[in-house]
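Residue numbers (this note's numbering): 1 to 130.
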């Protein structure tokens with residue numbers, strides 16, 4: 001049993017020597033900072049809702065990005081079919097951390113995949129409170 005334990009221990013201690021030359025982060029990597037203003041338009045019960053936002057972060061080698069983003073409603077909208085309930089500007093917002101990857105980053109046409117992990121809030125008001 002000691003012999004087997006010694007072999008396993010030696011093998012585990014040898015693993016760092018077998019590691020690849022290229023790691024995820026390297027001295028030659030290029031980090032860039034970005035700021036991304038955004039405007040999004042969506043429909044809520046046949047009412048047009050406009051969301052404005054901003055994202056900031058860092059991008060590694062023009063491909064892998066990490067950041068934060070916040071978005072908020074810019075205009076007032078009616079959220080029910082009867083029009084009795086409204087959401088005022090900035091009463092609907094969401095924010096969170098973003099992680100993204102750009103495929104074919106050096107080409108003119110490329111593909112961005114972005115995920116936002118976070119949360120938000122929405123307050124509704126009776127229409128009479130306008």
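All C-beta atoms in this analysis are idealised placements derived from N, C-alpha and C, irrespective of residue type, glycine included.
Asked                                                                                               : Found
Cβ-based neighbour list, residue 44, same chain, cut-off 7 Å, excluding 5 preceding and 5 following : 77 and 79
Where the beta strand (DSSP E) containing residue 121 begins and where it ends                      : 111–122
Selection from 95, 94 and 111 that minimises the alpha carbon distance to residue 102               : 111
Alpha-carbon spacing of residue 106 relative to residue 81, whole angstroms                         : 47 Å
Residue 88 - DSSP class collapsed to helix/strand/coil                                              : coil
Closest Cα partner of residue 94 within the set 72, 67 and 35                                       : 72
Short Cβ contact (8 Å threshold) for residue 67 with residue 74                                     : no
Cβ-Cβ distance between residue 70 and residue 53 below 8 Å                                          : yes
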